[in-house]
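Quick note: the sequence shown, position 40, residue 698 per my numbering, numbers continuous.
The beta carbon of each residue, even a glycine, is placed where N, CA and C say it ideally should be.
The model shown is predicted, which means the values in this text are computed figures rather than measured ones.
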Amino acid sequence: MQGLHLTADLHFCRCDASWLIDAERLGSWCVQTVLACGLQPVGQLFHRFPDSPHGPGGVTATVLLAESHLCVHTWPENHAVTLDVYVCNFGGDHSEKAHAVMDALVALFAPECSDRHALQRGLEKTLT
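Written out as structure tokens, the structure reads:
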């Protein structure tokens, strides 16, 4: 198996605040984005955490993909987001699609600064 695991930590996000607290809106956008980028969603879970003395609760949005997964976690009190896009598949290289999803997410949240990483996972060849 081979795969590409992309992560990003987004800081000082300048997006509309609803993207950080509206689980259904963010989740629906994630599903539409993975479809538009050519990936296949097969499950989803969107959760909003309760408000706290620090402010509104954040969101976890997870889209299970036939190719692996997308996870988004928001911290509205810090205007911060963490992103995780992982694709792996014996049938083809989905790296460009993963990068397209990540780029769309970063554009949505419009961070002042971000820390992005790419990790190649798995084996080059199957052991026999």
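Sequence-distant residues of its chain with Cβ nearer than 6 Å to residue i (five each side left out)
| i | result |
| --- | --- |
| residue 754 | none |
| residue 717 | 681, 684, 706, 732 |
| residue 773 | 667 |
| residue 775 | 665 |
| residue 758 | 695 |
| residue 722 | 700, 701 |
| residue 703 | 720 |
| residue 756 | 662, 664, 743, 745 |
| residue 740 | 667, 731 |
| residue 762 | 691 |
For residue i, three-class secondary structure by DSSP
| i | result |
| --- | --- |
| residue 761 | helix |
| residue 724 | coil |
| residue 666 | strand |
| residue 768 | coil |
Residue(s) in a DSSP beta bridge with residue i
| i | result |
| --- | --- |
| residue 780 | 660 |
| residue 710 | 713 |
| residue 701 | 722 |
Residues near residue i in its chain [Cβ-Cβ closer than 7 Å; skip 5 each side]
| i | result |
| --- | --- |
| residue 709 | 715 |
| residue 737 | 670, 671 |
Expected contact under 8 Å - CB spacing of residue i and residue j to nearest Å
| i | j | result |
| --- | --- | --- |
| residue 730 | residue 688 | 6 Å |
| residue 780 | residue 660 | 4 Å |
Cutoff 8 Å; reference residue i; Cβ partners in own chain excluding five residues on either side
| i | result |
| --- | --- |
| residue 713 | 734, 735 |
- Hey, which unbroken runs of the alpha helix (DSSP H) at 4 residues or more fall wholly within the segment 673 to 698? 676 to 679, 681 to 694
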